[in-house]
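Colleague: First to last, the protein sequences are chains G and P. Quick note on numbering: the first sequence equals residues 136 to 386 in the numbering used here. Quick note on numbering: the second sequence equals residues 973 to 1467 in the numbering used here.
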Amino acid sequence: MRVALFLTCVNDTLYPDTGRAVVKLLTRLGVEVDFPMAQTCCGQAHYNTGYRHEAEPLARHFSDVFGEYEAIVTPSGSCGAMVRELYPRMGERARAEGRGNSLATTLAPVVPKTYELTEFLVDVLGVTDVGAYYPHKVTYHPTCHGLRGLGLGDRPRRLLQAVKGLELAELPGAEECCGFGGTFALKNSDVSAAMGADKVRNAASTGAEVLCAADNSCLMHIGGTMARLSTGMRPVHIAEILASTEEEPAV
Amino acid sequence: MSGTYLGMPAFPKAAHEAVHDATLRGNLRHATHTIRAKRAKAVAEVSDWDALREAGKRIKDHTLRHLDRYLVQLEASVTAAGGTVHWAADADEANRIVADLVRATGESEVVKVKSMTTQEIGLNEALEAEGIRAYETDLAELIVQLGRDRPSHILVPAIHRNRGEIRDIFRKEMSEWGRPAPEGLTDTPAELAEAARLHLREKFLRAKVGISGANFMVAETGTLVVVESEGNGRMCLTLPETLISVVGIEKILPTWQDLEVFLQTLPRSSTAERMNPYTTMWTGTTDGDGPSTFHLVLLDNGRTDTLADEVGRQALRCIRCSACLNVCPVYERAGGHAYGSVYPGPIGAILSPQLRGVTSEIDASLPYASSLCGACYEVCPVAIDIPEVLVHLRERVVEGGQVTSNGNKVVLKPAKGHAAERAAMRAARWAFSRPGALRAGQRLVSRSRRLHPRSLPGPGKAWSGTRDLPAVPKEPFRDWWQRTNGGMDGKGAAK
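#1: Counting only beta-carbon atoms, is G/F201 nearer than 7 Å to chain P?
#2: Could you tell me if P/D1272 is buried or exposed, where buried requires 16 or more neighbouring beta carbons within 10 angstroms of its beta carbon?
#3: Taking contact to mean at least 3 C-beta pairs separated by less than 8 Å, is the stretch 307-317 of chain G in contact with the stretch 271-286 of chain G?
#4: Do P/T1051 and P/V1083 come within 7 Å of each other at the CB atom, strictly closer than that value?
#5: For the stretch 1369-1397 of chain P, list every residue whose C-beta sits within 8 Å of some C-beta in chain G, in sequence order.
#6: In chain P, what lies closer than 7 Å to G/V245 by C-beta?
#7: At a CB-CB cut-off below 8 Å, which residues of chain G make contact with P/L1095?
#8: Just the C-alpha distance for G/A194 and G/A180, rounded to the nearest angstrom, thanks.
#9: Only counting the same chain, and skipping five residues up and downstream in sequence, which positions put a Cβ closer than 7 Å to that of P/G1103?
#10: Return the residue from the list P/D1277, P/I1322, P/V1369 and P/D1281 that minimises the CA-CA distance to P/S1377.
#11: Using a C-beta cutoff of 7 Å, does P/V1363 count as contacting chain G?
#12: CB P/A1098 to CB P/N1067, shorter than 7 Å?
#13: Leaving out five residues before and five after G/T241 in sequence, what residues of the same chain have Cβ atoms less than 6 Å from its Cβ?
#14: From P/L1441 to G/A362, what distance separates their C-alpha atoms?
#15: Determine which residues of the stretch 323-353 of chain G have a Cβ less than 9 Å from any Cβ of chain P, and write them out in chain order.
#16: What do you get for P/A1465, buried or exposed, if any count of 16 or more other CB atoms within 10 angstroms of its CB means buried?
#17: Please state whether DSSP places P/I1471 in a helix, a strand or coil.
#18: What separation, rounded to the nearest whole angstrom, lies between the Cα atoms of P/L1338 and G/E167?
#19: Which same chain residues end up closer than 6 Å to G/L238 when comparing Cβ atoms and leaving out the 5 residues on each side of it in sequence?
#20: Return the CA-CA distance between P/S1049 and P/R1001, expressed in angstroms with no decimal places.
#21: Could you tell me the alpha carbon to alpha carbon distance between P/F1266 and P/N1187, rounded to whole angstroms?
#22: From the DSSP output, read off the bridge partner residues of P/E1081.
#23: For the beta strand (DSSP E) containing P/G1373, name the first residue and the last one.
#24: Please report the distance separating the alpha-carbon of P/R1328 from that of P/N1380.
#25: Should the stretch 1052-1067 of chain P be called in touch with the stretch 1232-1242 of chain P, which here means at least 3 C-beta pairs below 8 Å?
#26: Can you tell me where the beta strand (DSSP E) holding G/D169 begins and where it ends?
#27: Quick one: what does DSSP say P/K1446 is sitting in, helix, strand or coil?
#28: What residues from the stretch 209-225 of chain G come within 7 Å of chain P, judged by C-beta to C-beta, listed N to C?
#29: Along the stretch 1328-1356 of chain P, what residues have a CB closer than 9 Å to any CB found in chain G?
#30: Please list, in chain order, the chain P residues whose beta carbon lies closer than 8 Å to that of G/N183.
#31: Check whether the stretch 1172-1180 of chain P and the stretch 1200-1216 of chain P are in contact - that is, three or more C-beta pairs closer than 8 Å.
#32: Any idea if P/W1402 is buried or exposed, counting beta-carbon neighbours within 10 angstroms, 16 or more meaning buried?
#33: Compute the distance between the beta-carbons of P/E1113 and P/K1086, then report whether it is under 7 Å.
#34: May I ask you to verify whether the stretch 1126-1137 of chain P touches the stretch 1287-1301 of chain P, counting CB pairs closer than 8 Å and requiring at least 3?
#35: Chain P partners of G/H188, CB-CB under 9 Å?
#36: The alpha helix (DSSP H) that contains G/T184, what's its start and end?
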């Protein structure tokens, strides 16, 4: 099976390790991974900040870049939700504005074949034990757009539970937002920081070394807060845990 | 809406103080987490909750689509049952109608049932200006009124107060308004409730005029419904000679049978009760039973304009249960007052900017008072997609465009203060439409990484004031991918 990796602009620029981990993991599971070099950004930040019309050319570009692939895999719950939930809505809005079906038709092909990484593993490949080894105590934070947008459910937890050596600690208040929220983190920084601090305190109370999530933008906020509060914990993307093996362990 | 909140600072500024108020944070955290857990339990008991939610949504959407017809039907039903219907286009008109009706009775005081609509129009202040004193009789509204405070929650207006604060307010203020607090009043709930009961009882027995809102109005029968916990509402609805109800036009249900949906979803969503203790229903007037005169004031106040907006109109489905407030992480930290409206929390953030427009500083900031986490949508018993409406209203703020105002189509200019953001968004769109430009930018960021400061100046402080910046890698992923042929060069897959 040949799939396209939609890494997201944030991961490409700031978290290449996550990208390498996805490639390593999927390759190990017999999937041929391609990284279309023309990919940029899905337009989520534009859309969610109120610039839907600026997001439209980015969505069209996404469709041009990824339209030909059998499946599109992304290690980001929120960018995955952007494509699956909000691209159809953008098409509908364009139609309601009297601009015809063009946008909806252009975006339609990529919507059903875009998968968040854990969905792809569990639903498409049908695996929960990916042969990973990660001898650390980990707590898992379900990020909002993965949890409520995509409905990832217990897929990430099932994958983590099957990792050899990994001890999974329950995160109190797991389903509460960490306070990132894209431009919310800047526009309402006091509230965002207070939410982040509460999330980090809850994580620290578990005694875990690692807080794991399936979205690096949330982890950037949580990790930045952890460092500032000197908790000694670190944020790790789920792909990096699942890619880790006894031969090549990740830290 | 009420002038009480005009001149409120933008949400982030108002929230700043609340976030750093330890007592307030503690009060809100305790209260919202308690009710949140109870609600989840009460909802989980109902096996057909999803179907009830869908039914509630559909009944409301159907009613809103045919509101013209149902309003006329309601007027006919209420009139036939002995009531008098008045139409108020805005807050001023509604306040004038109510003041005139009270004055016509010759009374100078009224007792009030807890009502969001009368808070919305600032009725108490308007009556005060006419020399009429309005007594709030809901326990929490009483606490707010005695404390010269403002409500901070739809269902629990004094949620920001703890027991000690309430005891102090009762001791200090009750004597100003009527029967003083008992000597040696403590902060035990039973004593506080007893103090309120004694204080309010003399008002119930004396009042000749009651004022209420309503949770529902049934078009086919002309019946109004008030759902409450304390029974104080029942006192106001049955003891006075004259009853005046001020109700938003979106509160109609077509048939009596439609109540079966909402009388299940409302109590479980709001107080986490299977059934609320007091449900009062009245249809016009009945000789020798309850008020002999009944007036219904139907209020628009921005609702018809809201109805004209295809995305935003779903906010009119709201049954004021407060489930979205109780689950909202932003409300929990910022508190209700920061929203600058009687409607705080997620529903307030989509209702106020529609009912009042987005021209004031506070209203233009409300659509951004959310991390878009979606918890509100998940718990809403009428399935209002609050995040969808928030994003829609953000668009209205930054792009302007056509809206309906006082029944007329007008074109709104983009709000001020978003010029730099707009330029940045356009620049980002430009770069993201050109992979080459994105790559050049990424390389610049990577190669200059040793020069990056730990904290950012200017607007960047909003991030780095409380959070470290992420470390920038030595090369972006795409460079690694190209350099190593997708990790296949040399040693197989990546690292």
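In this text, a Cβ means the ideal position worked out from N, Cα and C, and glycines have one as well. All values derive from a computational prediction rather than experimental measurement.
Modeller: Taking the definition as stated:
#1: One-based indexing of the first sequence puts residue 201 of chain G at position 66. The beta-carbon of G/F201 is placed no less than 7 Å from the nearest beta-carbon of chain P.
#2: For the purposes of this step, residue 1272 of chain P is identified with residue 300 of the second sequence, where counting begins at 1. By the neighbour-count rule (16 or more Cβ atoms within 10 Å), P/D1272 is buried.
#3: Contact annotation: the stretch 307-317 of chain G touches the stretch 271-286 of chain G, with at least three C-beta pairs closer than 8 Å.
#4: Within the second sequence, numbered from 1, the residue matching residue 1083 of chain P stands at position 111. Within the second sequence, numbered from 1, the residue matching residue 1051 of chain P stands at position 79. Against a cut-off of 7 Å, the Cβ pair of P/T1051 and P/V1083 comes out as no contact.
#5: Contact residues of the stretch 1369-1397 of chain P toward chain G are V1369, V1370, E1371, E1393, R1394 and M1397 (C-beta to C-beta distance below 8 Å).
#6: The sequence position of residue 245 of chain G within the first sequence is 110, counting from 1. Under a criterion of Cβ atoms nearer than 7 Å, no residue of chain P is adjacent to G/V245; the nearest Cβ is some 16 Å distant.
#7: As a position in the second sequence, residue 1095 of chain P is number 123, starting the count at 1. Using a Cβ-Cβ cut-off of 8 Å, P/L1095 is close to nothing in chain G; its nearest Cβ partner there is about 31 Å away.
#8: In the first sequence, the residue the question calls residue 194 of chain G occupies position 59. In the first sequence, the residue the question calls residue 180 of chain G occupies position 45. Between the C-alpha atoms of G/A194 and G/A180 there is a straight-line separation of about 12 Å.
#9: Position 131 of the second sequence, counting from 1, holds the residue named residue 1103 of chain P. Only S1080 meet the Cβ criterion.
#10: Residue numbering aside, residue 1377 of chain P sits at position 405 when the second sequence is read from its first letter. Taking each of P/D1277, P/I1322, P/V1369 and P/D1281 in turn and checking the Cα distance to P/S1377, the smallest one comes out for P/D1277.
#11: In the second sequence, counting from the first residue as 1, residue 1363 of chain P sits at position 391. By this cut-off, P/V1363 is an interface position.
#12: Taking the second sequence and counting its residues from 1, one reaches residue 1098 of chain P at position 126. Taking the second sequence and counting its residues from 1, one reaches residue 1067 of chain P at position 95. Taking a C-beta distance under 7 Å as the contact criterion, P/A1098 and P/N1067 qualify as a contact pair.
#13: Here residue 241 of chain G is taken as the residue at index 106 of the first sequence, counted from 1. Same-chain partners within the cutoff: R195 and S198.
#14: By 1-based counting over the second sequence, the position of residue 1441 of chain P is 469. By 1-based counting over the first sequence, the position of residue 362 of chain G is 227. If you take the alpha carbons of P/L1441 and G/A362, they lie about 9 Å apart.
#15: Residues are counted here when their Cβ sits less than 9 Å from a Cβ of chain P; for the stretch 323-353 of chain G these are N323, S324, D325, V326, S327, A328, A329, M330, G331, A332, D333 and N351, given in chain order.
#16: Translated into the one-based positions of the second sequence, residue 1465 of chain P becomes position 493. Note that P/A1465 scores 44 on pLDDT, short of 50, meaning its location in the model is unreliable and no value can be drawn from it.
#17: The structure shown does not extend to residue 1471 of chain P, since chain P spans only 973 to 1467, so no value can be given for it.
#18: Working through the second sequence from its first residue, we reach residue 1338 of chain P at position 366. Working through the first sequence from its first residue, we reach residue 167 of chain G at position 32. Approximately 46 Å between the Cα atoms of the pair.
#19: Residue 238 of chain G sits at position 103 when you count from the first residue of the first sequence. Result list for G/L238: G226 and A229, in chain order.
#20: By 1-based counting over the second sequence, the position of residue 1049 of chain P is 77. By 1-based counting over the second sequence, the position of residue 1001 of chain P is 29. Roughly 45 Å separates the two Cα atoms.
#21: Translated into the one-based positions of the second sequence, residue 1266 of chain P becomes position 294. Translated into the one-based positions of the second sequence, residue 1187 of chain P becomes position 215. Approximately 17 Å between the Cα atoms of the pair.
#22: Position 109 of the second sequence, counted from the start, is the residue given in the question as residue 1081 of chain P. Bridge pairing for P/E1081: P/R1105 [DSSP].
#23: The residue you call residue 1373 of chain P lines up with position 401 of the second sequence. For P/G1373, the enclosing beta strand (DSSP E) starts and ends at G1373 to S1377.
#24: In the second sequence, counting from the first residue as 1, residue 1328 of chain P sits at position 356. In the second sequence, counting from the first residue as 1, residue 1380 of chain P sits at position 408. Distance between the alpha carbons of P/R1328 and P/N1380 is about 15 Å.
#25: Contact between the stretch 1052-1067 of chain P and the stretch 1232-1242 of chain P is absent, because fewer than three Cβ pairs lie under 8 Å.
#26: Translated into the one-based positions of the first sequence, residue 169 of chain G becomes position 34. Where G/D169 is concerned, the enclosing beta strand (DSSP E) stretches over E167 to D169.
#27: Residue mapping note: residue 1446 of chain P aligns to position 474 of the second sequence, counting from 1. Taken through DSSP and simplified to helix, strand or coil, P/K1446 comes out as coil.
#28: Of all residues in the stretch 209-225 of chain G, none has a Cβ within less than 7 Å of some Cβ in chain P.
#29: For the stretch 1328-1356 of chain P, which is checked against every Cβ of chain G, the residues closer than 9 Å are S1337, P1339, Y1340, A1341, S1342, S1343, L1344, C1345, G1346, A1347, Y1349 and E1350.
#30: Along the first sequence, read from residue 1 onward, the residue named residue 183 of chain G stands at position 48. Counting only Cβ-Cβ distances below 8 Å, G/N183 has contacts in chain P at L1344, V1363 and R1366, in chain order.
#31: Enough Cβ pairs lie closer than 8 Å, so yes.
#32: By one-based count along the second sequence, residue 1402 of chain P stands at place 430. Looking at its Cβ environment, which holds fewer than 16 other Cβ atoms inside 10 Å, P/W1402 is exposed.
#33: Here residue 1113 of chain P refers to the residue found at position 141 of the second sequence. Here residue 1086 of chain P refers to the residue found at position 114 of the second sequence. Yes, they are a contact pair.
#34: Here the stretch 1126-1137 of chain P makes contact with the stretch 1287-1301 of chain P; the two share three or more CB pairs at distances below 8 Å.
#35: Translated into the one-based positions of the first sequence, residue 188 of chain G becomes position 53. Here the neighbours are E1367 and E1371.
#36: For the purposes of this step, residue 184 of chain G is identified with residue 49 of the first sequence, where counting begins at 1. That run of the alpha helix (DSSP H) goes Q179 to T184.
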